[in-house]
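Novice: In numbering that gives the first Met the number 0, the protein residues as written are 0 to 345. Virtual Cβ for every residue (Gly too), placed ideally from N, Cα, C. Sharing a structure with you now.
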Amino acid sequence: MNIQLTRIQFFIIIFTLFTGFVYISIQTPIISHGKRSAWLIFIASSIFIYLLLVFYEKTYKYFILGKVTTMIYHLYWLFHLSFAVAYSMYIVSTWISPYTPKIALLFLFLLPSLYASLSRAETAVNVGIVFGIFIFFFIFFVLNAYEDFEFRNLLPIGESGWKDWMWGSLYSLNAYRNAECYLILRKFVMKDEKISGMPLFIFIFSLFAMFLFSILSVMLYFSMEEFNLISEPILYLLHAQEVTFVKRLDLIFVFIWVFITIITLINYILVVRLVHFQKVRKFAKSRIVIYHLFIFVIAYFIAKFESIQMIRQYYWIPFLVFGLLLPILIISWNKIRGRTIFDSSK
Numbered sequence: 000m001n002i003q004l005t006r007i008q009f010f011i012i013i014f015t016l017f018t019g020f021v022y023i024s025i026q027t028p029i030i031s032h033g034k035r036s037a038w039l040i041f042i043a044s045s046i047f048i049y050l051l052l053v054f055y056e057k058t059y060k061y062f063i064l065g066k067v068t069t070m071i072y073h074l075y076w077l078f079h080l081s082f083a084v085a086y087s088m089y090i091v092s093t094w095i096s097p098y099t100p101k102i103a104l105l106f107l108f109l110l111p112s113l114y115a116s117l118s119r120a121e122t123a124v125n126v127g128i129v130f131g132i133f134i135f136f137f138i139f140f141v142l143n144a145y146e147d148f149e150f151r152n153l154l155p156i157g158e159s160g161w162k163d164w165m166w167g168s169l170y171s172l173n174a175y176r177n178a179e180c181y182l183i184l185r186k187f188v189m190k191d192e193k194i195s196g197m198p199l200f201i202f203i204f205s206l207f208a209m210f211l212f213s214i215l216s217v218m219l220y221f222s223m224e225e226f227n228l229i230s231e232p233i234l235y236l237l238h239a240q241e242v243t244f245v246k247r248l249d250l251i252f253v254f255i256w257v258f259i260t261i262i263t264l265i266n267y268i269l270v271v272r273l274v275h276f277q278k279v280r281k282f283a284k285s286r287i288v289i290y291h292l293f294i295f296v297i298a299y300f301i302a303k304f305e306s307i308q309m310i311r312q313y314y315w316i317p318f319l320v321f322g323l324l325l326p327i328l329i330i331s332w333n334k335i336r337g338r339t340i341f342d343s344s345k
């Protein structure tokens, strides 16, 4: 399986993968662990991410997955996607439709993904363009709450200790937990399209600004004690807003977020397909169907409040293992051997 991506398509897919699953859930763990310095901690963590992606941009040609590492990533992606679907079901059940059967919600998320995955790869690539609608909607309506912002919530900055900085940093880095997708998709960008330098900086800055805006907004709106009680502060903020032309902003936001989640799922499975179908395989469509069935079953059993909250406590681990340590080990090993993706594709 092979595709050609323009620079814009590449950045849109990566932007969707970085934000689609986590955008409404990252604020509480970052703030509850980083305290009033959470926004500073996130800035420092984002600088590290920028330097990491600069490193990945220079070394992506050494990121070659062997049989063992491919299997490791496949298992991780299967669980990651299953958890993302389960969490999305939990949000829909909590905010929109508490009595809808889990099976119906699973079909809601997985049928569009299955259809797009069985179609041409370009379907998954182009569908992410609608993400811009979400961005403008979110910024406009969050700023509607500016009269209730309390800037003293950001002070004093220096009260966070080293443990707060450590855990705040781990959860801040977790906002970028799909960093390995950058390495996988990078080789499919057209050769005449420049990524390094200013294009990469603008992309990371846009991503960082989107995250930081959400963190600062909820910090200004809620007191520090309230973050121990709310897990999706963005939704609560929107729920409290009143506008003349719509009664429940939070419901509209959730509907849009469901659509974005489906797009993210489609793009993520595109990454899985690009890895799995590097070589021509028999029964390709059957394998895609089976993969969705695995997600269906796993998500069905973990789509419970207790399971989701337990998993979220430890979900700072995936970035460290699969987005940082394992890619660096793979890159270092192949660089020592002098092996690149251009050699492996011959």
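Verify whether the separation of the beta carbon atoms of residue 349 and residue 318 is less than 7 Å.
Specialist: Because the chain spans 0 through 345 in this model, residue 349 falls outside it and cannot be assessed.
Novice: So the candidates are 323, 337 and 34; which of them puts its Cα closest to the Cα of residue 180?
Specialist: 323
Novice: Just how far apart, CA to CA, sit residue 320 and residue 329?
Specialist: Straight across, the Cα-Cα distance linking residue 320 with residue 329 is about 12 Å.
Novice: Thinking residue 264 and residue 17 are a contact (beta carbons under 8 Å), I'd like their distance in whole angstroms, please.
Specialist: Their Cβ separation, rounded to whole angstroms, is 14 Å, which puts residue 264 and residue 17 out of contact at 8 Å.
Novice: Look at the alpha carbon of residue 148 and the alpha carbon of residue 23, and state the distance between them as a whole number of angstroms.
Specialist: The C-alpha of residue 23 is placed about 19 Å away from the C-alpha of residue 148.
Novice: Quick one: residues in its chain with C-beta nearer than 6 Å to the C-beta of residue 216, no 5 flanking neighbours on either side, listed in chain order?
Specialist: 141, listed in sequence order.
Novice: Here's the rule: buried if 16 or more other CB atoms are within 10 angstroms of the residue's CB, otherwise exposed. What is residue 345?
Specialist: For residue 345, the pLDDT reaches just 48, beneath the cut-off of 50, and the residue's location in the model is therefore unreliable, although a value from the coordinates is still provided. Burial call: exposed.
Novice: In this structure, does DSSP put residue 345 in helix, strand or coil?
Specialist: Because the pLDDT at residue 345 is just 48, under 50, the model does not fix this residue reliably, and the value given afterwards should be weighed accordingly. In this structure, residue 345 counts as coil in the three-state DSSP scheme.
Novice: How is the alpha helix (DSSP H) around residue 82 delimited, first residue to last?
Specialist: Annotation for residue 82: the continuous alpha helix (DSSP H) segment containing it runs 66-94.
Novice: Output the distance between the C-alpha atoms of residue 305 and residue 312, rounded to the nearest integer angstrom.
Specialist: Residue 305 and residue 312: Cα-Cα distance of roughly 11 Å.
Novice: Comparing alpha-carbon positions, which option in 5, 218 and 168 lies nearest residue 150?
Specialist: 218
Novice: Out of 209, 35 and 261, point me to the one whose CA is closest to residue 136's CA.
Specialist: 209
Novice: Rounded to the nearest angstrom, what separates residue 42 and residue 211 at their Cα positions?
Specialist: 8 Å
Novice: Of the choices 222, 297, 198 and 175, whose alpha-carbon is the least far from that of residue 45?
Specialist: Ranking the options by Cα distance to residue 45, first place goes to 175.
Novice: Taking all protein chains shown into account, do 16 or more other C-beta atoms lie within 10 angstroms of the C-beta of residue 288, making it buried, or fewer, making it exposed?
Specialist: By the neighbour-count rule (16 or more Cβ atoms within 10 Å), residue 288 is not buried but exposed.
Novice: Measure the CB-CB distance between residue 36 and residue 159 and report whether it falls below 7 Å.
Specialist: Taking 7 Å as the cut-off, the beta carbon of residue 36 is found closer than this to the beta carbon of residue 159.
Novice: Restricting to Cα atoms, I'd like to know which of 339, 325 and 294 is closest to residue 346.
Specialist: Because the chain here runs from 0 to 345, residue 346 falls outside it and cannot be looked at.
Novice: Identify whether residue 292 lies in helix, strand or coil by the three-state DSSP scheme.
Specialist: Residue 292 falls in the helix class under three-state DSSP.
Novice: Report yes if the CB atom of residue 333 is closer than 7 Å to the CB atom of residue 71, and no otherwise.
Specialist: In this structure, residue 71 does not lie closer than 7 Å to residue 333 by Cβ.
Novice: What does the alpha-carbon distance come out to for the pair residue 6 and residue 50?
Specialist: 19 Å
Novice: Can you check whether the CB of residue 340 is closer than 7 Å to the CB of residue 193?
Specialist: no
Novice: Tell me where the alpha helix (DSSP H) around residue 31 begins and ends.
Specialist: Counting along the chain, the alpha helix (DSSP H) containing residue 31 begins and ends at 26-33.
Novice: Using 8 Å as the cut-off, can you tell me whether the segment 108-118 makes contact with the segment 82-99, which would need three or more C-beta pairs spanning the two stretches below that distance?
Specialist: yes
Novice: Restricting to runs no shorter than 4 residues, where is the alpha helix (DSSP H) found entirely within the segment 98-167?
Specialist: Runs of the alpha helix (DSSP H) inside the segment 98-167: 101-117, 120-125 and 130-141.
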